[in-house]
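Report on the following structure.
In this note's numbering, the protein residues as written are -6 to 246.
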């Protein structure tokens, strides 16, 4: 999917205006999303105000060195395996522990942001945010999401425009929540097809009006349901309305 004209300029202005003179903390994984966020932030603020952390749980990504070399930035590696072990005593389910990992990363990043008086930059894209393919109060926990209005296929398109290395663009996307996990396998659909369906939803088409090559009506219905069922992840909290103006309903910041 192509990126809208002027999108890069919008991102540049947004990052400069939102961050001001504050430091920015980023959790970098070695994947395309966090690399693009780091690249965009570096374009717009003082490099010395950016703090990159690679948070592992005992196993290091083979690509983190190549990514940071490409960015021309330093990073600090943090092993939170001891913290995860404390939770494993109480829960052994792979999915549950995967969410614990994401939340532990968030806690660490906010600890550092607190230290620097800075902001945490999220690395979720629009495809993930709409389908709920992120951990609530985990990787979804951030102060701003620079690529949150770019579908995954648009992330790739922007990366190509910015001359990202081909090995990074062609790398299989993974949240690295467990060994061998990949986004598309877990979602049950390729990002190319997913984004076309999400575009139908964005433009208010019904499932019956949405036609995507290679997708059955059942596939399309499933994604529509996925977006609807995960709406709670895109809201910080729900509040019953009692007063004249309620936070999150009438009191929109």
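Even glycine gets a Cβ: it sits at the ideal position worked out from N, Cα and C.
Across the region 175 to 194 and the region 209 to 217, are there enough close Cβ pairs to call them in contact, namely three or more that are closer than 8 Å?
yes
Mind checking who residue 20 pairs with in its DSSP beta bridge?
46
Segments assigned alpha helix (DSSP H), at least 4 residues, entirely inside the region 164 to 234:
176 to 180, 184 to 195 and 210 to 222
Out of curiosity, what's the CA-to-CA distance linking residue 248 and residue 70?
Any answer about residue 248 is impossible in this case: the structure gives the chain only from -6 up to 246.
Taking 6 Å as the limit between beta carbons, can you name the residues of its chain near residue 147, skipping five residues before and five after?
Closer than 6 Å at Cβ, skipping near neighbours: -6 and -4.
Straight-line gap, residue 180 to residue 11 (C-alpha atoms, nearest Å):
Going by C-alpha positions, residue 180 is about 32 Å away from residue 11.
C-alpha distance - residue 233 paired with residue 18, whole-angstrom precision
34 Å
Helix, strand or coil at residue 245 according to DSSP, with G and I counted as helix:
coil
Three-way DSSP call (helix, strand, coil) for residue 155 in this model
coil
Between 142, 34, 207 and 198, which lies nearest to residue 186 when the distance is taken from Cα to Cα?
Of 142, 34, 207 and 198, the residue nearest in Cα terms is 207.
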